[in-house]
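These protein sequence lines are chains A and B, in that order.
Going by full-length UniProt numbering, the first residue of the first sequence is number 1, and it counts up by one from there.
Going by full-length UniProt numbering, the first residue of the second sequence is number 1, and it counts up by one from there.
Glycine is no exception: its CB is placed at the ideal position from the N, C-alpha and C atoms.
Protein chains: 2
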Amino acid sequence: MPKLWNETIEAHRREVRDAILDGTASLAAEHGPLSVTMSQIAEKAGIGRATLYKYFPDVEAILHAWHAREIAGHLARLTEVLDSAEGPATRLESVLEAYALITHESHSHQDTDLGAFLHRDNGDHLAHAHQHLHHMVQHLLTDAAQAGNVRDDIPPNELTRYCLSALAAARTLPSEAAVRRLVTVTLAGVRPPQH
Amino acid sequence: MPKLWNETIEAHRREVRDAILDGTASLAAEHGPLSVTMSQIAEKAGIGRATLYKYFPDVEAILHAWHAREIAGHLARLTEVLDSAEGPATRLESVLEAYALITHESHSHQDTDLGAFLHRDNGDHLAHAHQHLHHMVQHLLTDAAQAGNVRDDIPPNELTRYCLSALAAARTLPSEAAVRRLVTVTLAGVRPPQH
């Protein structure tokens, strides 16, 4: 088969997969993850049940795949922000702000049945993503400390825990403006102390 | 009956109750909360099973009573710290440090089966205690802002969420020295910005 034909099939498969994940996430958010059926998902995605079963064995597998796609998307967004910012200070600020905004946006499903379900069953996946995030922020803090923008009297590992813990408050804040103020305060904490 | 006699009985009842709670907590930490029996608890507390049932109907009720006593103890300790410190800045620092140390100390049972059990079933109680803590810290931040020790360009409610969220990192820190550094960084975040 010519290469283009394979690529077309691959693109089609990805589209179907995305339609399944999107449909399931919206059904789960609406009715609760435990009451969604494979038939509802097939209908929502505009495919037959037989086709759906060629992609996923059950609802649980779909929810996990959706969650994994979400997390991968968040990490990709942070990496994009990281790559497009110039200089250690700006890079640190941009990534922490992007992380806080992501945390703020995804709070809506974190406090629901869906959130509880995903966190219980997808713990390893989340821990891995969090570790990735921790490394990214620790690297940024180390660079910024070397450039004199961040205090160097406290281990970067501890500053990283502080930053990520502080920014978790973005989940409970009512507006993006409040999230940006949280980022300002959090960053003020890591600046070199004034003598 | 003379008053002293009533007081003696009351003191005795409290001692027995404390012995039951202490014994249950240590058994639960050792064997897991779901495998502790009323017989084991009676033996550990040095009382008969019949006496134990006069105090509590089941293991679950004892674990909840123990947890409530822990939380009340923590709040009492914070109030004590608050009352013995002088001036808004010192008061804020002392209370945040005490809170961070409590968070650090109680991490040991928060990540266990016992912690999961208590957090699941005692959610309302915890939420109430957290609200109390939130009010206390918000009050301290407001006073300190009026005295010029804390920035007044961000609502105290948001600064409170920031502080408590940041200090939650104390749970994962390896030493008291690291916890004190976390408090330093967190407080640096709320100071009036340097122009």
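8 Å Cβ cutoff, residue i in contact with chain A
| i | result |
| --- | --- |
| Pro193/B | yes |
| Ile102/B | no |
| Ser106/B | no |
| Ile154/B | yes |
| Ala166/B | yes |
| Ala178/B | yes |
| Ala129/B | no |
| Ala89/B | no |
C-beta neighbour in chain B for residue i, strict 8 Å
| i | result |
| --- | --- |
| Val95/A | no |
| Glu158/A | yes |
| Arg161/A | yes |
| Leu173/A | yes |
| Ala68/A | no |
| Gly189/A | yes |
| Arg181/A | yes |
| Val185/A | yes |
| Ala144/A | no |
| Ala11/A | no |
| Ala169/A | yes |
Nearest residue (CA-CA) to residue i, options the options
| i | options | result |
| --- | --- | --- |
| Ser106/B | Ala127/B, Arg120/B, Gly73/B, Pro155/B | Gly73/B |
| Glu97/B | Lys44/B, Ala116/B, Leu167/B | Leu167/B |
| His104/B | Gly46/B, Thr172/B, Val95/B, Phe56/B | Thr172/B |
| Ala145/B | Gly87/B, Ala116/B, Tyr99/B | Gly87/B |
| Ile102/B | Ala116/B, Ser175/B, Ala25/B, Asp58/B | Ser175/B |
| Ala188/B | Ile154/A, Ile41/A, Asp83/A, Leu34/A | Ile154/A |
| Asn157/B | Pro156/A, Ala76/A, Ala170/A, Gln194/A | Ala170/A |
| Arg180/A | Glu93/A, Gln194/A, Asn149/A | Glu93/A |
| Lys44/A | Ile71/A, Val190/A, Gly23/A | Gly23/A |
| His12/B | Tyr55/B, Gln194/B, Arg49/B | Tyr55/B |
| residue 209/B | Glu70/B, Gly48/B, Leu78/B, Met38/B | In the structure as shown, chain B begins at 1 and stops at 195. Residue 209/B is therefore absent and cannot be evaluated. |
| Ala25/B | Leu78/B, Pro193/B, Leu63/B, Val81/B | Leu63/B |
| Gly123/A | Val190/A, Ile71/A, Val59/A | Ile71/A |
Nearest-angstrom Cα separation, counted from residue j out to residue i
| i | j | result |
| --- | --- | --- |
| Ala68/A | Asp143/B | 45 Å |
| Ala36/A | Leu159/A | Just to set this straight, residue 36/A is Val in the shown sequence, not Ala. Cα to Cα, the separation comes out at about 42 Å. |
| Thr8/A | Ala61/A | 25 Å |
| Gly32/A | Ala89/B | 47 Å |
| Ser165/A | Ala147/B | 28 Å |
| Leu141/A | Glu10/A | 40 Å |
| Val95/B | Tyr162/B | 15 Å |
| Ala65/A | Asp152/B | 45 Å |
| Gln40/B | His132/A | 45 Å |
| Ala29/B | Ala76/B | 24 Å |
| His139/B | Leu27/A | 43 Å |
| Leu21/A | Ala129/A | 20 Å |
| His19/B | Ala178/A | The sequence given here has Ala at residue 19/B, not His. When rounded, the distance between both Cα atoms is 47 Å. |
| His134/A | Val137/B | 28 Å |
| Val81/A | Gly48/A | 39 Å |
| Asn149/B | Val185/B | 15 Å |
| Arg120/B | Ala85/A | 42 Å |
Span of the alpha helix (DSSP H), counted from its first residue to its last, around residue i
| i | result |
| --- | --- |
| Ile154/A | Run containing Ile154/A: none; DSSP gives neither H nor E here. |
| Gly189/B | 176 to 190 |
| Ser35/A | Per DSSP, Ser35/A belongs to no alpha helix (DSSP H) and is neither H nor E. |
Min CB distance residue i to chain C below 8 Å
| i | result |
| --- | --- |
| Leu140/B | In the displayed structure, chain C is absent; the protein chains listed are A and B. |
Q: Let me know the alpha helix (DSSP H) ranges lying completely inside the region 48 to 96 of chain B, each 4 residues or longer, listed in chain order.
A: 49 to 55, 59 to 84
Q | Whole runs of the alpha helix (DSSP H) within the region 118 to 173 of chain A, excluding any shorter than 4 residues | A | 123 to 146, 156 to 167
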